[in-house]
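Enquirer: Pasting in a structure now, in structure tokens, and then I'll have a few things to ask.
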Amino acid sequence: MERQKRFFIKTYGCQANVADSGEMAGMLEASGFERYTPKTAQNEKIELEEALKNVEVFIINSCAVRQKSEDKVYGLGKLVLATQENTGRKPFVIMSGCVVGSSTGARKLTDMGLLQKKTPWVDLYLSPADIAILPRKLYEVGVITQSLSSSLSYSIAVEDPDWAFVNISTGCDNFCSYCVVPYARGAEISRSQEAILADVEKLLARGYGKIMLVGQNVNSWGLEQKDKLAIRIGQDLPTPFVKLLREVHEMAGLESLTFMSSNPFDFTSELVSTLKLPKIHNYLHIAVQSGNNAILKKMNRRHTVEDFLALLENIKQAVPNMEFGTDIIVGFPSETRGQFMDTVKLFEQVLFKAAFISKYSPRKGTVAQRLYPDDVSPKEKSARHAYLTKVWQKHRNK
Ligand code: SF4
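With this note's numbering, the residue at position 31 of the sequence shown is 1006, and numbering never jumps.
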């Protein structure tokens, strides 16, 4: 008997990509595919080689946030071609995620032709906005023989052993000066409440009690543009996201509820008090990016260090056992040692449970890449990265 067709998804980057991978996995499973799990996961290269040899569909869900993550994706070509040479066959290779998004859509930064030239081993490119048409695309090229009638007819697959991710919005309109996401993922679009609750219900029915609502800016889910701007300049309005949280919180079978990512400028007092609900997880990831106000301004972040600290204080008053994680960029253009030390000071003041510290890397087409010379040397960036990591570890282990 012919064995079931198999797929493998390699996911790079953030929770939005993890959620997209879950969605694609669900569609492939509903189309009769079986997920392939490499047996020898000693290292990434061996894992990928094994998957390439054993699957019919191989998906690379790419990340373009840093040059290093983008280069990793291009590097996969060597493995794909070596497998073809050694075995005489090659799976159907799909590239999705932000590398594709940066070359498609209204806000594209690079030319699709350029991406195709760099990755001739890819059979299908799928931008983050097009995930839902994966089954139709595979049907059109004959990889699957039965078309699914609607994108809602598949069940979501889970990519994380602890949390089931549900995408509530895609894209971003914030245009932080260093960030490629508003171009790669396009405009901020909120999924409908109906679709989100249906996904959550399916996951709860399958026994996944821990739900994470995912998006680039979850707090602004469902907000009209004018209200979004009003909140960002300090108005304290009721938000649809709070209603959504409360709705999901009451669903039968829910054990724990969390959300990611959040920006400091999108929190309202109503949201802070909603965090007191008993099933809201006691960890929040709020990106601060720098501990210096001049750098935050250059980053086009709409908050100051003082705003961030006041927000944390308010949350702590509402939920005393709340823990925090954050994202930081070191070596942003023109960041002096003194300005970097302000970030160190922030880390001495706030005990972050998790900190994603990255060295600034210019991303083509972004405002920072176009306007600000990348003038902090690689050596200095590495030294700041190592120093801040040490400070974080020291405070975490206190
Ligand atoms: S909020 Fe800023 S950092 Fe986050 S995705 Fe949007 S532009 Fe990028």
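Where a beta carbon is used, it is the ideal one built from N, C-alpha and C, also for glycine.
Can you have a look at Ala1162 and say buried or exposed, based on whether 16 or more other CB atoms are within 10 angstroms of its CB?
Expert: exposed
Enquirer: Within the same chain, show all residues whose beta-carbon is closer than 7 Å to that of Ser1030, passing over the 5 residues directly before and after it, in chain order.
Expert: Reading off the sequence shown, one finds Val at residue 1030, where the question assumed Ser. Around Val1030: Arg981, Phe982, Phe983, Tyr1011 and Pro1066.
Enquirer: Identify the continuous beta strand (DSSP E) that holds Glu1298 and give its terminal residues.
Expert: It spans Glu1298 to Val1305 - the beta strand (DSSP E) in which Glu1298 sits, taken as one unbroken run.
Enquirer: Between Leu1054 and the rest of its own chain, which residues show a CB-CB distance below 8 Å, the 5 nearest in sequence each way excluded?
Expert: Lys1020, Leu1023, Glu1024 and Leu1027
Enquirer: Please tell me whether, using a cut-off of 7 Å, the distance from the CB of Pro1157 to the nearest non-hydrogen atom of the ligand SF4 is below it.
Expert: yes
Enquirer: Where in the segment 1255 to 1335 do unbroken runs of the beta strand (DSSP E), each at least 3 residues long, occur, reported from the N-terminal end onward?
Expert: 1258 to 1260, 1298 to 1305 and 1329 to 1334
Enquirer: For Gly1080, count neighbouring Cβ atoms within 10 angstroms of its own Cβ and tell me buried if that reaches 16, exposed if not.
Expert: buried
Enquirer: Give a yes or no on whether the C-beta atoms belonging to Val1319 and Leu1363 are separated by under 8 Å.
Expert: yes
Enquirer: Cα separation between Phe1008 and Pro1110?
Expert: Spanning the alpha carbons of Phe1008 and Pro1110 requires a straight line of approximately 11 Å.
Enquirer: Taking the alpha-carbon of Ser1357 as reference, which of Val1342, Pro1337 and Gly1306 has the nearest alpha-carbon?
Expert: Measuring from the Cα of Ser1357, the nearest candidate turns out to be Gly1306.
Enquirer: Under a Cβ-count criterion, where at least 16 other Cβ atoms within 10 Å of its own Cβ denotes burial, should Ser1116 be classed as buried or exposed?
Expert: The residue you asked about is not Ser; residue 1116 is Val in the sequence shown. Flag for Val1116 reads exposed.
Enquirer: Does DSSP classify Val993 as helix, strand or coil?
Expert: helix
Enquirer: For Phe1242 and Phe1283, what's the separation of their Cα atoms in angstroms?
Expert: 10 Å
Enquirer: Give me, in chain order, the residues of the same chain whose beta-carbon lies closer than 7 Å to that of Gly1340; leave out the 5 immediate sequence neighbours on both sides.
Expert: Leu1084 and Tyr1158
Enquirer: From this set, Phe1140, Thr1301 and Leu1287, which residue's C-alpha is nearest Ala1330's C-alpha?
Expert: Selected option, being the one with the closest Cα: Thr1301.
Enquirer: So which of Leu1099, His1256 and Asp995 has the shortest CA-CA distance to Gly1184?
Expert: His1256
Enquirer: Would you list the residues sitting across from Gly1072 in a DSSP beta bridge?
Expert: Ser1037
Enquirer: Given 7 Å as the limit, tell me if Gln1191 has its C-beta closer than that to any heavy atom belonging to the ligand SF4.
Expert: yes
Enquirer: In the segment 1068 to 1117, which residue ranges form an unbroken alpha helix (DSSP H) of at least 4 residues, counting only runs that do not cross its ends?
Expert: Assignment of alpha helix (DSSP H) within the segment 1068 to 1117, counting only whole runs of 4 or more residues, yields 1073 to 1076, 1087 to 1093 and 1109 to 1115 in chain order.
Enquirer: From Gln979, Gly1088 and Asn1018, pick the residue whose C-alpha is nearest to that of Ala1005; which is it?
Expert: Gln979
Enquirer: Since Val1141 is in the beta strand (DSSP E), which residue starts that stretch and which ends it?
Expert: Ala1139 to Asn1142
Enquirer: Looking at Asn1149 and the ligand SF4, is the gap between the Cβ and the nearest heavy atom below 7 Å?
Expert: yes
Enquirer: Using only alpha-carbon positions, find the residue among Met1087, Ser1071 and Tyr1049 that is nearest to Pro1103.
Expert: Ser1071
Enquirer: Terminal residues of the continuous beta strand (DSSP E) containing Ile1186?
Expert: Lys1185 to Val1189
Enquirer: Helix, strand or coil: how does DSSP classify Leu1229 here?
Expert: In this structure, Leu1229 counts as coil in the three-state DSSP scheme.
Enquirer: So is Pro1308 buried or exposed if we call it buried at 16+ other beta carbons inside 10 Å?
Expert: Classification of Pro1308: buried, given that the 10 Å Cβ count is 16 or more.
Enquirer: Mapping the DSSP letters down to three states, classify Glu1022 as helix, strand or coil.
Expert: helix
Enquirer: To which residues does DSSP link Ser1237 through a beta bridge?
Expert: Partner(s): Ile1261.
Enquirer: For the ligand SF4, any of its heavy atoms closer than 7 Å to the Cβ of Asn1238?
Expert: yes
Enquirer: Figure out for me which residue from Cys1151, Ser1352 and Val1280 has the closest Cα to the Cα of Val1263.
Expert: Val1280
Enquirer: How far does the alpha helix (DSSP H) with Arg978 in it reach, from first residue to last?
Expert: Per DSSP, Arg978 belongs to no alpha helix (DSSP H) and is neither H nor E.
Enquirer: Can you tell me whether Cys1073 sits near the ligand SF4, meaning its C-beta is under 7 Å from at least one heavy atom of the ligand?
Expert: No, the beta carbon of Cys1073 sits no closer than 7 Å to any heavy atom of the ligand SF4.
Enquirer: Where Thr1394 and Ala1293 are concerned, what is the direct C-alpha to C-alpha distance, given to the nearest angstrom?
Expert: The requested residue 1394 is not part of the displayed model; the chain covers only 976 to 1373.
Enquirer: In three-state terms, what does DSSP make of Glu1045?
Expert: helix
Enquirer: Which same chain residues end up closer than 6 Å to Ala1039 when comparing Cβ atoms and leaving out the 5 residues on each side of it in sequence?
Expert: Glu1045, Cys1073, Val1074, Ser1077, Val1155 and Ala1159
Enquirer: Using a Cβ-Cβ cutoff of less than 8 Å, which residues in the same chain neighbour Ile1206 once the five nearest sequence positions on both sides are dropped?
Expert: Ser1195, Leu1198, Leu1212, Thr1214, Phe1240, Asp1241 and Thr1243
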